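Shown next, in structure tokens, is the structure this report addresses.
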Amino acid sequence: MPDLQRREFIVQGSAVLAAIAGLYASGVNAFPTQTGEKVIPWLDQPTENPNPAVIQTQLVWEDLDTFITPNDKFFSIAHFNRPTIDEKSWSLDIGGLVKKPLKLTLADIKARPRQEVVFTVECSGNHGFPFFTGGIGNARWAGTPLAPILQEAGVLDSGIEVVFFGTDKGDVEIRDIKMQQNFARSMSFADAMNPGNLLCYEMNGASLPTPNGFPLRLIALGWYGIANVKWLKEIEVRDTRFMSLLMARDYVTIREEEHNGETRWIETSVGRARIKSAPAKVTQTGSGYRIIGAAWGAPIDRVEVQIDQTPWKPAIIDHSEEAEHAWKIWSLDWANPSPGEHTVTSRAISTTGQIQPAMDDPLIAKKHTYWESNGQVTRHIRIS
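Letter by letter, the sequence shown follows residues 75 to 458 in our numbering.
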């Protein structure tokens, strides 16, 4: 596995492999609170959020104690306004390069086959700013699959791009041209036909909350939050790539790459989520300590934790609650930590051997924008 070798991750011997396998098979539940258990707060708390109207209800990592994030604690981001929509007058238009344009009410959509999925949504800018570290949540989403609706509409052979328009809109100025734009994101027709994509009207057993897209939003499995369009109003099929504010100018990652000894600057539109993990909290019971965290963004094989500059140690993944597209909750017992300040870092490793990059990895160090901030997260703590 060259990727692992390059980052000097070496598993030595079948005995170590067997021990790690035993840890994962143990099914330790990370969340039960023990009598007298307390959370040791991190020293590096997020700075004050300068955009409370845009970014709301961030996850407080020390409060993470459930696999599913409650609706009232789920983060929300609005790039323009936060529309209030009357579901009785609302409808979804499906048009563009289709044989049979459709107009569906919420009742029409709810009458179609219902599908559920547990999916962790993360903003691609999460951990990109000192104040933005809680742009993530895990929920049980319910709705109807998108693919059969596109099939019913009959996408023409020339239709290669599917654009999702939100009701939210705002004023934009580009090259001295002032315009009003609705929030819009797109994906290829092949990606849109993924059977896991949902037109979602329910979150954790209740109607979508207004901050999370009522009455309807897209749930696009495996994509960053920006692609999961809220407050849906229209789906349009086009014959060219869609290059809007949030596809071609914003939410664009700029990165240096080395090619034959030369630096090449690459710009890519943010799309699919990347592998990531983060320490959530450290708890203390008597003289014992435990580190708890989460990993997501790819099929997770294992998670490792580094305390200060000591060797990486395998964490125990909690298998009591899990789902294919949801975060993995992990924990590591921390025996006899010395008094004073310590650093805690985690890294996730996928089933294909991909490792969450360190902050000095070229994938992160040579990235010049805050999107796709999936570098290893290090937290600071003081043990008394």
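Cβ coordinates follow ideal geometry from the N, Cα and C atoms, glycine included. Since this is a predicted model, take the numbers as computed values, not measurements.
For G202, the secondary structure class from DSSP, reduced to helix, strand or coil, is coil. Taking the C-beta atoms as reference points, I309 is found nearer than 8 Å to F238.
When secondary structure is reduced to three states using DSSP, M267 falls in the coil class, being assigned neither helix nor strand. Shown here, G296 sits in coil according to DSSP, grouped into three states, outside any helix or strand. Secondary structure of R186 (DSSP, three-state): coil. The way I'd put it, the stretch 259–278 does touch the stretch 204–218; three or more beta-carbon pairs between them come closer than 8 Å.
Distance from the CA of D160 to the CA of G169, rounded to the nearest whole angstrom, comes to 22 Å. Contact annotation: the stretch 334–344 does not touch the stretch 107–115, with fewer than three C-beta pairs closer than 8 Å.
Excluding five sequence positions before and after K402, the CB atoms of its chain that fall closer than 6 Å to its own CB belong to A369, I374 and I391, given in chain order. Between the alpha carbons of M317 and E235 lies a distance of about 11 Å. When secondary structure is reduced to three states using DSSP, L230 falls in the coil class, being assigned neither helix nor strand.
In this model, V229 and M267 are separated by some 11 Å (Cα to Cα). The alpha-carbon separation between P413 and W164 amounts to approximately 59 Å.
In the three-state scheme derived from DSSP, where H, G and I count as helix and E and B as strand, L220 is classed as helix. The C-beta of E336 has fewer than 16 other C-beta atoms within 10 Å across all chains shown, which makes the residue exposed.
Nearest Cα to A439 within the set A352, T327, K355 and E395: T327. DSSP links M277 through a beta bridge to W215 and A280.
Taken atom to atom, the span from the alpha-carbon of G360 to that of I114 is near 12 Å. Boundaries for I366: no alpha helix (DSSP H) harbours it, while the beta strand (DSSP E) harbouring it runs G362 to W370, taken from the DSSP string.
Counting only the Cα atoms, F288 lies some 35 Å from R421.
Across the set R456, I457 and V418, the C-alpha of V418 shows the shortest separation from the C-alpha of Q450.
Counting the other Cβ atoms within 10 Å of the Cβ of N155 gives fewer than 16, which makes it exposed. Of the residues assessed, E378 falls on the buried side of the cut-off, its CB having 16 or more other CB atoms within 10 angstroms.
Beyond the five residues adjoining it in sequence on each side, S447 comes within less than 7 Å, by CB distance, of G199, N200, H201 and G202 in the same chain, given in chain order. Judged by beta-carbon spacing, A294 lies within the 8 Å limit of N302, meaning their Cβ atoms are closer than that value.
Among the bridge pairs identified by DSSP, F193 is matched with A213 and H399. Taking the Cα of A185 as reference, the smallest distance to any Cα among F148, K174 and I223 is reached at I223. If you look at L178, you'll find it isn't in any alpha helix (DSSP H); it sits in the beta strand (DSSP E) that goes L176 to L178.
When beta bridges are read from the DSSP output, W408 appears opposite Y363.
The shortest CA-to-CA distance from E331 to any of K177, R346, P436 and G362 is the one to P436. Secondary structure at A354: strand, using DSSP grouped into helix, strand and coil.
By the 16-neighbour rule on beta-carbons within 10 angstroms, H416 is buried. Taking 8 Å as the upper bound for CB-CB distance, G371 and R348 are in contact here, some 5 Å apart. Taken through DSSP and simplified to helix, strand or coil, L320 comes out as helix. Under DSSP, G240 forms a beta bridge with L306. If you check the CB distance, L171 and R312 come in under 8 Å.
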